[in-house]
Amino acid sequence: MKRVLRRVMLVAVSAVLALLAVAFIFILPARRLTVEQVPVHLPHWPAGGAPARIAVLSDLHAGRYDGAWVDAIVQRTLALQPQAILLLGDYFNALHHGSGMPPQELARRLAPLVARCPVYFVCGNHDRGRRGFQLRRELTALGMVNLEGKERELRFPNGQSLVLRGAAFCMETSGKEPFYVKRTLQKRFSRGAMPQDKPLLAACHSPFYFLRRPLWADVTVAGHTHGGQVCMPGGYPLASLPYWSPSHARSGLKTGAAGTPLYISRGLGLSQLPFRAFCPPEITLLLLQGG
């Protein structure tokens, strides 16, 4: 009898430890918000001085019941004291059809960002259709600037400025390039379209074509891949999106096809799978300086 009880206890303890391990590896990281500080050296700016600070939020994937999570992201972002904020798309839940946060509520919860500093946004593949158009309208009404196909000059308290140039989302393909890529994206991000006296920062949802075509910017920021979302220790993705290699989907600072810096964020939400592993959600803080 004692031997049976000992075995039952051993099985029970092993099951509890296994559940704790699963929670630690897969469940808890999905809400363990991190901040990645990314120093970037820009041309045309003098060396030295305090860096300019841009917060980048990507892939919120906000669900109907994620209000507290979105509020936590907003408050953590404001605590970083950014001088500008970039929102890189995929604002709606991607786990269950129709379960995304209503556009009006999502805009209301993001509104405190505008009171802090200028906010610019692009949209992603999960922001198409009526709700995407409605969210664009709501964000614009708050004073946020839609950068899709547009550009703006951004001035910082340190006296420096740069050009922000946005790219609308274009579906990835391994075959014939979409018309938008050939006729618009390659023209707007050609080497000849680079500003002559200011750095150019490109904001896009997906870095797919920036990794495969010589699209020029002094630095590009993107999301979309979630950094793989489910990774091995060290952040190497176990799987990737169609037409993507795991090395391209991996988050971090890398080099685009034009030979210029490109940063891919791990994003903040979930897609396809309701968990993360060795790939926690992130707020990116770009620290821009000369040199």
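1 is the number of the first residue of the sequence shown in the working numbering; add one for each residue after it. Beta carbons: idealized from backbone N, C-alpha and C, even for Gly.
Cut-off 7 Å between Cβ atoms - residues of its own chain near residue i, not counting five sequence neighbours on either side
i                 : result
proline 195       : Val163
leucine 142       : Ala107, Ala111, Val114
histidine 44      : Asp197, Lys198, Pro199
phenylalanine 189 : Ala202, Leu215, Trp216, Ala217
valine 74         : Arg109, Leu110, Pro112, Leu113
leucine 135       : Tyr91, Pro103, Leu106, Ala107, Asp127
Local Cβ density within 10 Å of residue i, reported as buried at 16 or more and exposed below that
i                 : result
serine 245        : exposed
phenylalanine 208 : buried
glutamate 138     : buried
proline 157       : exposed
glycine 63        : buried
serine 174        : exposed
threonine 34      : exposed
threonine 255     : exposed
tyrosine 120      : buried
alanine 23        : The predicted model places alanine 23 with a pLDDT of 39, which falls under 50 and marks its position as unreliable, so this point remains unresolved.
glutamine 272     : exposed
leucine 241       : buried
arginine 250      : buried
phenylalanine 278 : buried
tyrosine 263      : buried
arginine 165      : buried
alanine 258       : buried
arginine 130      : exposed
glycine 227       : buried
glutamine 282     : The sequence given here has glutamate at residue 282, not glutamine. The residue in question, glutamate 282, is buried, as its Cβ has 16 or more Cβ neighbours within 10 Å.
methionine 232    : exposed
tyrosine 237      : It is worth fixing the name first, because residue 237 is proline in this sequence and not tyrosine. When all chains shown are included, proline 237 counts as buried.
Own chain, CB closer than 6 Å to residue i, minus 5 neighbours either side, in chain order
i             : result
proline 51    : Leu287, Leu288, Gln289
glycine 100   : Phe92, Asn93
proline 118   : Ala84
alanine 168   : Glu148, Gly149
leucine 60    : Tyr91, Leu268, Gly269
glycine 124   : Gly89, Asp90, Phe169, His205
leucine 87    : Leu57, Phe121
histidine 248 : Leu211
histidine 224 : His205, Ser206
valine 298    : Examination of residue 298 is not possible in this model, given that the chain is present from 1 through 291 alone.
Continuous alpha helix (DSSP H) stretch holding residue i: start and end
i            : result
tyrosine 209 : 208-212
serine 247   : 246-249
leucine 78   : 67-79
Option nearest residue i by Cα separation, candidates the options
i             : options                        : result
alanine 72    : Arg32, His97, Phe179           : Arg32
glycine 267   : Cys204, Pro214, Glu105, Ala257 : Cys204
threonine 184 : Ala239, Arg213, Pro199         : Arg213
glutamate 172 : Tyr65, Tyr243, Trp69           : Tyr243
glycine 234   : Ala79, Arg130, Gly252          : Gly252
glycine 159   : Glu36, His41, Pro46, Pro274    : Pro46
Close Cβ partners of residue i (< 8 Å) along its chain, the five nearest in sequence each way excluded
i          : result
serine 140 : The sequence given here has threonine at residue 140, not serine. Cβ neighbours of threonine 140 beyond the five flanking positions: Asn146.
lysine 187 : Ala193
valine 181 : Cys170, Tyr209, Arg213
valine 38  : Leu253, Tyr263, Thr284, Leu285, Leu286, Leu287
proline 82 : Arg53, Ile54, Ala55, Arg116, Cys117, Leu285
Segment limits, beta strand (DSSP E) that includes residue i
i             : result
histidine 224 : Taken as a continuous stretch (DSSP letters only), histidine 224 belongs to no beta strand (DSSP E), as it is neither H nor E.
histidine 41  : 34-42
lysine 254    : 252-255
arginine 53   : 52-57
proline 261   : 261-264
glutamine 289 : 282-290
Length at least 3, wholly inside the region 83-138: the beta strand (DSSP E) runs in chain order: For the region 83-138, the continuous beta strand (DSSP E) assignments of 3+ residues that do not extend past its boundaries occur at 84-87, 119-121, in sequence order.
Runs of 3 residues minimum, wholly inside the region 134-181: which ones carry the beta strand (DSSP E) assignment? If one requires a minimum length of 3 residues, the beta strand (DSSP E) runs lying completely within the region 134-181 are 151-155, 161-167, in chain order.
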